[in-house]
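Take the sequence shown: its position 28, counted from the start at 1, is 28 in full-length UniProt numbering, and no numbers get skipped.
Working notes, structure below.
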Amino acid sequence: MERSGQARLIRIEDPSDPRIAEFTAMRDRDLAGRGDLFIAEGKVVLQALLDAEAGSRRFRIEKALILENRIDGLGNLLDRVDPGCPIYVAGRVVLDAAVGFAMHRGILAVGRHVPATSFTDFLSHLPEQALLVAACGISNHDNLGGIFRNAGVFGADGVVLDETCCDPLYRKAIRVSVGAALRVPFCRAGGIGELIASLSAHGFEVAGLSPRGTEPLSSYVPGKRLALLAGTEGEGLPAEIIERIKTLKIEQAPGMDSLNVATASGIALWHAAARMGRAI
1 MERSGQARLI RIEDPSDPRI AEFTAMRDRD LAGRGDLFIA EGKVVLQALL DAEAGSRRFR
61 IEKALILENR IDGLGNLLDR VDPGCPIYVA GRVVLDAAVG FAMHRGILAV GRHVPATSFT
121 DFLSHLPEQA LLVAACGISN HDNLGGIFRN AGVFGADGVV LDETCCDPLY RKAIRVSVGA
181 ALRVPFCRAG GIGELIASLS AHGFEVAGLS PRGTEPLSSY VPGKRLALLA GTEGEGLPAE
241 IIERIKTLKI EQAPGMDSLN VATASGIALW HAAARMGRAI
């Protein structure tokens with residue numbers, strides 16, 4: 001018996017079919033520069049995208065492309081896709097030729113992000129007690145995906161990004177975040193100075209994570225609103241920023257290099273969430 005989701009599948013026989021143009025040669029730059037479109041890859045990420053579409057107005061699915069032998073394993077996910085969203089299905093040869101490589105997990109979707117109208121609007125919708133991660137100059141998609149994963153696991157209310165951070169909706173960042181980039185609200189906020197000023201104006205204490213921090217993380221007691229600021233890989237936070245804000249250091253064994261930024265954000269989020277009495 002044919003499932004309702006299967007009845008609407010649209011067969012693709014030609015990898016150059018213009019209806020799947022967004023999925024073509026994804027290894028180049030995904031959908032970078034094409035507005036707020038992005039690629040979601042894999043069953044876990046598709047489910048996160050469907051959850052985000054149902055629970056907020058921040059995301060919606062534009063179209064999906066599924067490998068034919070993955071259809072039966074998708075359970076009820078296809079039934080959750082909006083009836084107006086086309087679902088294309090193709091064989092392995094066609095899909096690999098269209099995408100440009102074989103490591104695509106056979107489940108792809110084009111999503112659209114609907115960002116907040118402004119950083120002020122984003123901050124105004126946060127709860128009275130709020131925990132954020134603020135990112136400055138994170139250029140590695142694995143690290144940014146890890147930060148989003150940690151933010152989701154420890155119940156952060158959002159992630160804010162300065163203008164130099166990479167895209168959290170890049171395919172690899174979403175995959176590393178295990179879909180958290182679609183679950184945790186985020187917003188870009190211009191330069192790092194502007195970001196800090198806006199956070200402070202909305203009652204947030206900004207605490208920078210740095211091996212040169214003046215206060216051990218283990219003894220830090222946050223207030224009602226906290227933004228943990230993580231800096232770029234390698235160099236960390238700019239010196240002029242460190243001079244303006246409270247700084248926290250994670251104690252570690254002597255003689256070792258500093259922690260990876262994603263790891264440091266996870267430790268700091270766990271500590272802050274526990275001290276703020278948040279359910280995790």
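Don't be surprised by glycine CBs; every beta carbon is placed ideally from N, CA and C.
Query - Cα-Cα separation between H164 and N140, rounded to whole angstroms - result: In the sequence as displayed, the identity of residue 164 is Thr instead of His. About 11 Å.
Query raised in the report: Counting Cβ pairs, one atom from each stretch, are 3 or more of them under 8 Å apart for the region 37-46 and the region 165-183?
Result: Counting Cβ pairs under 8 Å, three or more are found: they touch.
Query - Residue interval of the alpha helix (DSSP H) (run including L123) - result: Start and end: 119-124.
**Report entry** Coil, strand or helix - G266 by DSSP
**Finding:** G266 falls in the helix class under three-state DSSP.
Query raised in the report: Taking the alpha-carbon positions, what's the P15 to E22 distance?
Result: Between P15 and E22, the C-alpha separation is close to 11 Å.
Report task. Could you spell out where the beta strand (DSSP E) holding A111 opens and where it closes? Result -> Just to set this straight, residue 111 is Gly in the shown sequence, not Ala. First-last of the beta strand (DSSP E) with G111: 107-113.
Requested in this report: Could you tell me which of G208, S258, K224 sits nearest to E243, measuring between CA atoms?
Outcome: For the set G208, S258, K224, the Cα lying nearest the Cα of E243 is the one of G208.
Query raised in the report: Which stretch, first to last residue, makes up the alpha helix (DSSP H) that contains E240?
Result: For E240, the enclosing alpha helix (DSSP H) starts and ends at 239-242.
Query raised in the report: Using a Cβ-Cβ cut-off of 8 Å (strictly less than) and excluding sequence neighbours within five positions of I10, which residues of its own chain qualify?
Result: Excluding the 5 residues flanking it on each side, I10 has same chain C-beta neighbours closer than 8 Å at R19, P86, I87, Y88, V89, in chain order.
Query - As assigned by DSSP and simplified to three states, the class of P222 - result: The answer is coil: DSSP assigns P222 none of H, G, I, E or B.
Requested in this report: Mind checking which residues open and close the alpha helix (DSSP H) that includes E194?
Outcome: In the DSSP annotation of this structure, the continuous segment of the alpha helix (DSSP H) that includes E194 starts and ends at 192-201.
Query raised in the report: From G55, E13, P168, D162, pick the residue whose C-alpha is nearest to that of L37; which is it?
Result: In terms of Cα proximity to L37, the closest of G55, E13, P168, D162 is P168.
Query raised in the report: Does DSSP classify L259 as helix, strand or coil?
Result: Annotated three-state conformation of L259 is coil, per DSSP.
Report task. Would you kindly work out how many angstroms separate the C-alpha atoms of L126 and V159, rounded to a whole number? Result -> Straight through space, the alpha carbons of V159 and L126 are spaced by roughly 12 Å.
Report task. Can you grab the Cα-Cα spacing for the pair D28 / P115, in whole Å? Result -> The predicted position of D28 is uncertain, since its pLDDT is 46 and thus under 50; a value taken from the coordinates is nonetheless stated next. When rounded, the separation of the alpha-carbon atoms in D28 and P115 is 24 Å.
Query raised in the report: Taking C-alpha atoms, which residue in P83, I147, I66 lies nearest to W270?
Result: The residue with the shortest Cα to Cα distance from W270 is I147.
**Report entry** Helix, strand or coil at V176 according to DSSP, with G and I counted as helix
**Finding:** In the structure shown, the three-state DSSP call for V176 is helix.
Query raised in the report: Is the region 59-77 in contact with the region 90-100, if contact means three or more CB pairs nearer than 8 Å?
Result: In this structure the region 59-77 lies against the region 90-100, because at least three pairs of beta carbons, one per stretch, are closer than 8 Å.
Query raised in the report: Can you name the start and end residues of the beta strand (DSSP E) that R60 belongs to?
Result: Start and end: 59-67.
**Report entry** Length of the line joining the Cα atoms of V206 and I39
**Finding:** Within the model, the alpha-carbon separation for V206 versus I39 is close to 32 Å.
Query - Buried versus exposed call for R212 [16 or more other C-beta atoms within 10 Å across all chains shown] - result: Its Cβ having fewer than 16 others within 10 Å, R212 is exposed.
Requested in this report: For the alpha helix (DSSP H) containing S55, list its first residue and its last residue.
Outcome: One point to set straight first is that residue 55 is Gly, not Ser, in the sequence displayed. Counting along the chain, the alpha helix (DSSP H) containing G55 begins and ends at 43-55.
Query - Closest by C-alpha distance to G231, when choosing among K224, P254, S265 - result: Looking at K224, P254, S265, the one whose alpha-carbon comes closest to that of G231 is S265.
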